[in-house]
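**Student:** Quick note, the sequence shown lines up with residues 62 to 310 if you use the numbering used here.
Note that the Cβ used here is the ideal one computed from N, Cα and C, for glycine as well.
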Amino acid sequence: MRLLSLLSFSVLAGALTGCGAASNSDYNFACPAQRLMQLSLLDVSADGRDETLLGERLDAIQVDAERVADCEGDLTVVAWSESSSTSAVLYKGSITTTGASEIGRDRRLPEVVSGVMNDIRGKLNDLFAKAPASGHDLVAAFSIINDFARSHSLATNTLSVHVFADGISTVGSGSINLPFLTSDQVATIVSQQQLPDLSDIEISLYGIGRVGGADQPPQQVVAVATEYAQQLCNSTGAKCSVFTTNIAS
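Below, the structure written as structure tokens:
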């Protein structure tokens, strides 16, 4: 239903070498009282490599990077596809600048964020050149989040998680790549998954049901993907928000 043939590497050139989204020039983001840790997960399955879709997701991740830079926090960007074992870290580190004043520091933020995004695009280029396009497993995203949360202190940091994916799992026991699934069938599939305890972590899933290319799934498929994503996330105990056509974070 959704798997596409491997896109040629040249098709992705625009998304991976472009200038990215326009910068938030005032860098006036709302920052948490504790240090911000931003974890952004990027689906790089077959549909996730569509140039337009990938470009929109990278623009959203740039906004994540801008907020981290403004809040002097830490950013981790992880790409994954058919399992957590296929994940690859595209960026991990703090985003800060130096300056005698806040105004002076803010003036350097666009340049710093641009460098971060260039690093991310460069690693994506390498990843796409080496790894074939594959299926998508949304369940794996929650395993990646759990691994990250367990290796960082949530008592002294504020963890924000953004997941950029269509949510139409096509591999593993969590596959919903079937026509006309009912709510009860979705609930059964979710109940069969081994999901971690992510209690109280704020997780936002963006672009659920949105696939690459001009032809989008019928509304029924989008509704199933949305329900599936919401049920999966709720089952972890996290504070969940699911967005369909909206990719911007």
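Is VAL150 buried or exposed, if buried means 16 or more other CB atoms sit within 10 Å of its CB?
**Tutor:** Along the sequence shown, one-based indexing puts residue 150 at 89. Under this definition VAL150 is an exposed residue.
**Student:** Within this structure, are the beta carbons of SER148 and VAL139 separated by less than 8 Å?
**Tutor:** In the sequence shown, counting from the first residue as 1, residue 148 sits at position 87. In the sequence shown, counting from the first residue as 1, residue 139 sits at position 78. In contact: SER148 and VAL139 (Cβ atoms closer than 8 Å).
**Student:** Per DSSP, which residues does ASN48 bridge with? Please list them.
**Tutor:** The structure shown has nothing for residue 48, since the chain only spans 62 to 310.
**Student:** With a cut-off of 8 Å on the beta carbons, I'd call GLY228 and GLU143 a contact; round off their distance for me.
**Tutor:** Position 167 of the sequence shown, counted from the first residue, corresponds to residue 228. Position 82 of the sequence shown, counted from the first residue, corresponds to residue 143. In fact, because the Cβ distance is near 14 Å, the residues do not count as touching under 8 Å.
**Student:** At 4 residues or longer, and completely inside the stretch 102-160: list those alpha helix (DSSP H) runs for me, N to C.
**Tutor:** 112-132
**Student:** Report buried or exposed for SER302, applying the criterion of at least 16 other Cβ atoms within 10 angstroms of its Cβ.
**Tutor:** For this step, residue 302 is matched to residue 241 along the sequence shown. Answer is exposed; the Cβ neighbour count stays below 16.
**Student:** By Cβ distance, which residues of its chain are closer than 7 Å to VAL173, with the 5 residues on each side in sequence left out?
**Tutor:** If you number the sequence shown from 1, residue 173 lands on position 112. Result list for VAL173: ALA130, ILE156, THR158, in chain order.
**Student:** Among CYS92, GLN246, HIS223, which residue has its Cα nearest to the Cα of SER234?
**Tutor:** Along the sequence shown, read from residue 1 onward, the residue named residue 234 stands at position 173. Out of CYS92, GLN246, HIS223, the CA that lies nearest to the CA of SER234 is found in GLN246.
**Student:** Please state whether DSSP places CYS92 in a helix, a strand or coil.
**Tutor:** Residue mapping note: residue 92 aligns to position 31 of the sequence shown, counting from 1. DSSP places CYS92 in coil when its eight states are reduced to three.
**Student:** Exposed or buried, ALA192, counting other C-beta atoms within 10 Å across all chains shown (16 or more means buried)?
**Tutor:** By 1-based counting over the sequence shown, the position of residue 192 is 131. When all chains shown are included, ALA192 counts as exposed.
**Student:** Determine the DSSP secondary structure at ILE250, reduced to helix, strand or coil.
**Tutor:** Translated into positions along the sequence shown, residue 250 becomes position 189. In the structure shown, ILE250 sits in a helix (DSSP, three-state: H, G or I).
**Student:** Going by Cα to Cα distance, which pick from CYS294, ASN186, ASP258, SER162 is closest to LEU115?
**Tutor:** For the purposes of this step, residue 115 is taken as the residue at position 54 of the sequence shown. Among CYS294, ASN186, ASP258, SER162, the Cα nearest to that of LEU115 belongs to ASN186.
**Student:** Is it right to say SER221 is buried, meaning 16 or more other beta carbons lie within 10 angstroms of its own, or is it exposed?
**Tutor:** Residue mapping note: residue 221 aligns to position 160 of the sequence shown, counting from 1. Classification for SER221: buried.
**Student:** Judging by CA-CA distance, which residue of ILE237, ARG96, ASP104 is the nearest neighbour of ILE308?
**Tutor:** To locate residue 308, count along the sequence shown from 1; it is residue 247. Comparing Cα-Cα distances from ILE308 to each of ILE237, ARG96, ASP104, the minimum goes to ASP104.
**Student:** Is it the case that the Cβ atoms of GLY274 and PHE225 are separated by a distance below 8 Å?
**Tutor:** As a working note, residue 274 is residue 213 in the sequence shown. As a working note, residue 225 is residue 164 in the sequence shown. Cβ distance not < 8 Å, so GLY274 and PHE225 don't count as in contact.
**Student:** Using a threshold of 8 Å, state whether the C-beta atoms of LEU259 and ALA210 are closer than that.
**Tutor:** Residue mapping note: residue 259 aligns to position 198 of the sequence shown, counting from 1. Residue mapping note: residue 210 aligns to position 149 of the sequence shown, counting from 1. A contact, by the Cβ cut-off of 8 Å.
**Student:** Looking only at its own chain, which residues have a Cβ that is under 8 Å from the Cβ of GLN281, when we skip the five neighbours before and after it?
**Tutor:** Working through the sequence shown from its first residue, we reach residue 281 at position 220. If we look at GLN281 and ignore the five residues flanking it on each side, its Cβ neighbours are PHE241.
**Student:** Along the chain, where does the beta strand (DSSP E) containing SER221 start, and where does it finish?
**Tutor:** The residue you call residue 221 lines up with position 160 of the sequence shown. Taken as a continuous stretch (DSSP letters only), the beta strand (DSSP E) holding SER221 covers 218-225.
**Student:** Helix, strand or coil: which one does DSSP assign to GLN255?
**Tutor:** Along the sequence shown, one-based indexing puts residue 255 at 194. If DSSP states are grouped into helix, strand and coil, GLN255 belongs with coil.
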